[in-house]
Amino acid sequence: MAPGGPEIVDQEPKEDESSSDIQVNRSQSHSSSRPQLILSSTGMESVRFEELELQIGEPYWMLHQGNCEHIFTVDDIRAVHPTDPNLPKVPNGNILPTIIEGCYPITTFLSRLTSPKCRVCDRDPAKLVIMNDELVDESPCFVCERCFELLHGHETGFRIGKVAGREWWVVPLLGS
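Going by UniProt numbering, the sequence shown opens with residue 1, and the numbers climb by one from there.
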């Protein structure tokens with residue numbers, strides 16, 4: 001193994017091995033219809049993208065942290081262009097590779113962050129968190145304002161925090 005390079009595990013059997021299972025594996029491994037299996041024990045943070053041999057439209061499988069699997073495909077590859085966002089402006093218009101490294105990766109999509117649903121109606125977004133309340137099944141329990149009023153009525157109000165004389169307490173759900 002080259003220092004810093006990915007470790008390739010040889011799946012080919014040795015010539016002196018004569019098990020029938022190994023012979024079957026050898027004949028299957030030379031089939032053009034089966035993808036070549038390359039295993040690596042290199043940490044993801046030490047592998048550069050340019051070291052990967054990828055083909056457009058082919059599925060790839062990545063396993064990390066022991067059991068977290070990802071299947072991905074590369075849909076498009078293009079060259080760096082001076083109009084790309086985050087590129088510093090160079091006076092002569094040339095783009096230096098050392099400058100580019102600090103500009104990538106570019107985030108092109110952020111998934112919408114969703115707040116948890118109300119655990120009572122399972123419909124509306126939760127706005128409050130109730131602690132130690134015997135009227136709900138779990139603590140803490142995320143509830144919407146409507147369900148909170150249905151559970152506790154208008155007389156309790158939305159008094160935030162611990163209130164003397166009651167076992168349960170309520171706080172607003174931040175970010176909702």
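All residues carry an ideal CB built from backbone N, CA and C; glycine is no exception.
Identify whether HIS152 lies in helix, strand or coil by the three-state DSSP scheme.
Walking along the sequence shown from the start, residue 152 turns up at place 152. Residue state, collapsed to three classes: helix.
For SER27, which residues from the same chain have a beta carbon less than 7 Å from its beta carbon, with the 5 sequence-adjacent residues on both sides left out?
Indexing the sequence shown from 1 puts residue 27 at position 27. Residue placement at SER27 is flagged as unreliable, the pLDDT there being 39, under the threshold of 50; the coordinate-derived value follows with that caveat. So no residue of the chain qualifies.
Quick one: grab the DSSP three-state call for GLU167.
Translated into the one-based positions of the sequence shown, residue 167 becomes position 167. Shown here, GLU167 sits in coil according to DSSP, grouped into three states, outside any helix or strand.
Taking the straight line between their C-alpha atoms, what separation do you get for SER46 and LEU52?
The sequence position of residue 46 within the sequence shown is 46, counting from 1. The sequence position of residue 52 within the sequence shown is 52, counting from 1. Cα-Cα distance, rounded: 12 Å.
Using a Cβ-Cβ cut-off of 7 Å (strictly less than) and excluding sequence neighbours within five positions of ILE77, which residues of its own chain qualify?
Start at 1 with the first residue of the sequence shown, and residue 77 comes out as number 77. Scanning its chain for C-beta atoms nearer than 7 Å, with the 5 sequence neighbours on each side dropped, one finds around ILE77 the residues ILE56, in chain order.
If you reduce the DSSP assignment to three classes, tell me which class CYS147 lands in.
What you label residue 147 is simply residue 147 of the sequence shown in a count that begins at 1. Of the three classes helix, strand and coil, the one that applies to CYS147 here is helix, per DSSP.
How many whole angstroms separate the CB atoms of PRO125 and MET131, which I take to be in contact at a CB cut-off of 8 Å?
Translated into the one-based positions of the sequence shown, residue 125 becomes position 125. Translated into the one-based positions of the sequence shown, residue 131 becomes position 131. About 19 Å separates the CB atoms of PRO125 and MET131; that is not less than 8 Å, and the two are not in contact.
Which residues in the same chain as ARG119 place their Cβ atom closer than 6 Å to its Cβ, once the five residues preceding and following it in sequence are excluded?
Taking the first residue of the sequence shown as position 1, residue 119 is located at position 119. Excluding residues up to 5 positions away in sequence, CYS141 and PHE142 lie with their Cβ nearer than 6 Å to the Cβ of ARG119 in the same chain.
When the Cα atoms are used, what is the spatial distance from residue 206 to CYS147?
Outside the displayed span of the chain (1 to 176) sits residue 206, for which this structure offers no information.
Roughly how far, in whole angstroms, is the beta-carbon of MET62 from the beta-carbon of PHE72, given that I think they are within contact range, below 8 Å?
What you label residue 62 is simply residue 62 of the sequence shown in a count that begins at 1. What you label residue 72 is simply residue 72 of the sequence shown in a count that begins at 1. So it is a contact: roughly 7 Å between Cβ atoms.
Pick helix, strand or coil for GLU53, following the three-state DSSP scheme.
Position 53 of the sequence shown, counted from the first residue, corresponds to residue 53. Residue state for GLU53 is assigned as coil, using DSSP reduced to three classes.
Is the CB-CB distance between VAL129 and VAL170 below 8 Å?
The count along the sequence shown starts at 1 and reaches residue 129 at position 129. The count along the sequence shown starts at 1 and reaches residue 170 at position 170. A contact, by the Cβ cut-off of 8 Å.
Rounding to the nearest angstrom, what Cα-Cα distance links ASP84 and GLU134 in this structure?
Sequence index remark: in the sequence shown, residue 84 carries index 84 (1-based). Sequence index remark: in the sequence shown, residue 134 carries index 134 (1-based). If I take the Cα positions, the gap works out to 56 Å.
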